[in-house]
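To start, the structure under review is shown below, and the notes come after it.
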Amino acid sequence: MNERTAPHQRWRGLLSSPVLTDLWTLVVPLGAVYLFTALGSAVSASARVDLGYALVNLVIVVALWTFMGNSGVLSFGHVAFVAVGAWSMSLLTIPAVMKANLLSGLFPALQDAKAAPALALLVGALMGGLVALVSALVLMRLHGLEAGIATFALLQVVVQVLTNWDKVGPKSGQSMVGIPQPFDLQTVMHIALIVIILAWLYQRSSSARMLRASRDNVVAAPASGINVFRHRVIAFSLSGAFAGVAGALWAQTNRVVQASQFNLDLTFSTIAMLVIGGMLSLWGAVVGTIVISVLNHVLGLLESGLDVGALTVSLPGGSRLITLGVVVILVLLLRPGGITNGKEAVWPFRRERRYLSPAALGAPPISSPTVERRGVSTIR
Amino acid sequence: MTSLVQSLIDAISAGAVYALAALGIGLVFGIMRLANFAHGEIITAAAYTLIFLWPISWPLALVGSVVVAVSVALAMNYAVFAWLRSASPATLLIASFGVSIVLQRVYDALFGTNVRAAPVGATLNQSLQLGPIRISALAIVTIVLAAILLILVQLFLTRTSIGLQVKAASADPRMARILGIRSGFVIAVTFAISGVLAAAVAFALTTQSGAVDPTFGVQATLFGLVGAVMGGLGKLSGSVVGGFSVGFVLSLLTSWLPPWINDFRTALVYVVVIIVLVFAPNGLLAGRSSKERT
């Protein structure tokens, strides 16, 4: 009907193909993490130490996003699954002699259990996922504030049990030491990249799409035949498995594991990273973690004293969490959608929209005040 | 028998403390859907004041702790929560979590991680002999103090103009605003009252322990919050009864359970919390009024 499109338009058409636009939302976060790791490990030895923890935090934040971003339900409980993953990794990789000495109260089966690091990582993922699945079956009927409190209670239960039950861990309040460090920074980065790819693939699944439908309208989605409970359970279990991976990485990064480490501070800092980056997008999870990790590293340098010309600048200890808290409050006040405003990375050559805008048709612009699409405000 | 009476009174006094914490949290929640994690840091601020001022002069310490608690409560309202009034409860919860963490670190930087100690209310740490039963004077004082404060808050809410405005605003904020209630003022008043209640909690707890550290108020707030949620945050009586029950049951568990289970008693309480939330998301005492489940 129309005359053939001009060559430059065909070129544009190729560039704005949906495949590229979609892939871009994966490639950008992956590239950012790769660059972040490459640059970070080139800076200094202390940066490499911080980088190890930053990559672990990244996996936790991606795990949080997998559930919170897609479902819009608050979870304060994911650190519990991180703890479960760390426990799995420690129990399977601490050398047998040390284990017999330090963890004498273990179940005999656990006492003998032993696995290669990669396998232990998978077991961590599996255990995290299993604990998440079981708790999801109980918790996933709750929304909003109740979900926040209930997942928080879950964290307390898991941490209390791990603290006090010496059949699955150290004696009350003690720590597990002697965890080997089998993965170097590169490997940890690759594991983080794999988790990001898996989270991205999940995001594209029909289950995740239905879950996001329920996030955006919790009345209309069930009315359209979506089983919200089921898709929430799937998301929660999957993100629990990711958190288990993070826990296993955490154990081998820190090399000393104690139940009290999986506390409110870790919960808050990971949620803060997600909120700051933008709770509704994978890109936001990555951006938030990178920005805050860089900030933390700089603050850490300042805490230990930094020479600026003639004078030494030094901050009191604890300035990291103070800064993080202040930043997260500012973000909630000024830009509730986070840095990315809840959007994925945008393909730069997007096709302009072809359809006529309502204004062109002479109609008033459509606005829907009931559908709040600004970041955390859709969290129920 | 006598030990039963003693542990019952101890349990009632523990329950009274958590009921006060839950009431402070419940009041603020009622008016702006904010489950205030940072309530604990108001308690901690009051506790530090008590510890530092008590050796100088005890009336000054009591007045000072109330003033400081009210100021901290108002400051967090005006600095943060007043700007988030239209945000969802979940957003508010994250924000209050942030405020709580920031204040903890600030206390840490100001006063150090170690405990600060002073014999606050040392005369109350004696026990009274009533026939065969020995009762700690502090338990009685705590119970009486809590009862008086509960009655005062109730009188304030039902007999004063501002109190009625608070009630109206928490029943239906939009309608209240249409009817000319200044919501900003009413919210500030509510925060101030929660500050007074926090100071009372701080007094009871510092007299018991005589020492304060930066996370001093966290425990009371968590159990108060949990109790309030279990009882029903939507209703003040629900919050109070819920907070009381948590303190009462915890205290009884501590004195009666065999030691090995005792390690897990906090876990048990949280398991109960989860069960209650799943079966009665509005709280046990919220009645049948359906809350929107979104």
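Each protein sequence line maps, in turn, to chains A and B.
Reminder that position 161 of the first sequence reads as 1312 in my numbering, one-by-one numbering, no gaps.
Reminder that position 24 of the second sequence reads as 30 in my numbering, one-by-one numbering, no gaps.
The beta carbon of each residue, even a glycine, is placed where N, CA and C say it ideally should be.
Model, not experiment: these values are computed from the prediction.
Amino acids of chain A, ordered along the chain, whose beta-carbon sits closer than 7 Å to that of B:R111: Among the residues of chain A, those whose CB is under 7 Å from the CB of B:R111 are G1469, L1472 and I1473, following chain order.
Start-end ranges of the alpha helix (DSSP H) lying completely within the segment 1156 to 1220 of chain A, minimum 4 residues: Taking only runs of at least 4 residues, the alpha helix (DSSP H) segments lying wholly in the segment 1156 to 1220 of chain A are 1158 to 1166 and 1169 to 1194.
Contacting positions in the segment 257 to 279 of chain B - beta carbon closer than 8 Å to chain A: The residues in question are D269, F270, T272, A273, Y276, V277 and V279.
B:I139, DSSP secondary structure in three states: In the displayed model, B:I139 falls within a strand according to three-state DSSP.
Pair within 7 Å by beta-carbon distance, B:V72 and B:V159: With respect to the 7 Å criterion, B:V72 and B:V159 are not classified as neighbours on the basis of their beta carbons.
The segment 207 to 224 of chain B contacting the segment 119 to 133 of chain B, beta-carbon criterion three pairs below 8 Å: Contact between the segment 207 to 224 of chain B and the segment 119 to 133 of chain B is present: three or more C-beta pairs spanning the two stretches fall below 8 Å.
Same chain, Cβ closer than 6 Å to B:S257, five either side skipped, listed in chain order: Counting only Cβ-Cβ distances below 6 Å, and skipping sequence neighbours, we find D16, A17 and A20.
Through-space distance from B:A81 to B:P61, alpha-carbon basis: Straight through space, the alpha carbons of B:A81 and B:P61 are spaced by roughly 27 Å.
Contacts of B:L242 in chain A (Cβ-Cβ under 8 Å): Those do not exist, as B:L242 stays about 17 Å from chain A at its closest Cβ, beyond 8 Å.
Interface flag, B:W64 vs chain A, CB-CB below 7 Å: It does not; no Cβ of chain A falls within 7 Å.
B:I280 and A:A1304 closer than 7 Å at C-beta: It is a contact, given that the beta carbons lie within the stated cut-off.
Identity of the residue in A:Q1354, A:V1184, A:L1475 and A:S1222 nearest A:I1422 by Cα: Out of A:Q1354, A:V1184, A:L1475 and A:S1222, the CA that lies nearest to the CA of A:I1422 is found in A:L1475.
Nearest-angstrom Cα separation, counted from B:I154 out to B:S167: Taking the straight line from one Cα to the other gives about 20 Å.
Member of A:G1488, A:S1365 and A:L1186 whose CA lies at the smallest distance from the CA of A:R1383: Taking only the C-alpha atoms, the option nearest A:R1383 is A:S1365.
Helix, strand or coil at A:V1527 [DSSP, three-state]: Bear in mind that a pLDDT of 43 at A:V1527, under 50, signals an unreliable position, so the number given afterwards is only what the model happens to contain. Helix, per DSSP.
Residue from B:L14, B:G30, B:L26 and B:I37 whose Cα sits closest to the Cα of B:S189: Relative to B:S189, the option among B:L14, B:G30, B:L26 and B:I37 whose CA is nearest is B:I37.
Of the listed residues B:L239, B:A206 and B:G233, nearest to B:V69 (C-alpha basis): Of B:L239, B:A206 and B:G233, the residue nearest in Cα terms is B:A206.
Touch test, the segment 1427 to 1442 of chain A against the segment 1216 to 1235 of chain A, Cβ-Cβ under 8 Å, three pairs minimum: Put simply, the segment 1427 to 1442 of chain A touches the segment 1216 to 1235 of chain A. At least three CB pairs are less than 8 Å apart.
Contact set for A:D1201: own chain, Cβ-Cβ below 6 Å, skip 5 residues either direction: These residues qualify, in order along the chain: H1448.
B:G32 and B:L239 closer than 7 Å at C-beta: B:L239 sits close to B:G32, with the two beta carbons spaced by under 7 Å.
Proximity test, Cβ basis, 7 Å: A:E1297 and chain B: Yes - at least one Cβ of chain B is within 7 Å of the one on A:E1297.
Beta-ladder partner(s) of B:R122, from DSSP: Answer is B:V218.
Inter-residue spacing [alpha-carbon to alpha-carbon] between B:F35 and B:A41: Their Cα atoms are separated by approximately 5 Å.
Opening and closing residue of the alpha helix (DSSP H) in which A:W1401 lies: Taken as a continuous stretch (DSSP letters only), the alpha helix (DSSP H) holding A:W1401 covers V1379 to N1405.
Alpha carbon of A:V1274 to alpha carbon of A:S1326, nearest angstrom: The alpha-carbon atoms of A:V1274 and A:S1326 are separated by roughly 21 Å.
Segment limits, alpha helix (DSSP H) that includes A:K1250: For A:K1250, the enclosing alpha helix (DSSP H) has its first and last residue at A1247 to L1253.
As assigned by DSSP and simplified to three states, the class of A:V1408: Taken through DSSP and simplified to helix, strand or coil, A:V1408 comes out as strand.
Same chain, Cβ closer than 7 Å to B:S106, five either side skipped, listed in chain order: Closer than 7 Å at Cβ, skipping near neighbours: F43, A44, G46 and E47.
Cβ pair count under 8 Å reaching 3, the segment 231 to 238 of chain B against the segment 1294 to 1303 of chain A: Three or more Cβ pairs closer than 8 Å define a contact, and the segment 231 to 238 of chain B meets that threshold against the segment 1294 to 1303 of chain A.
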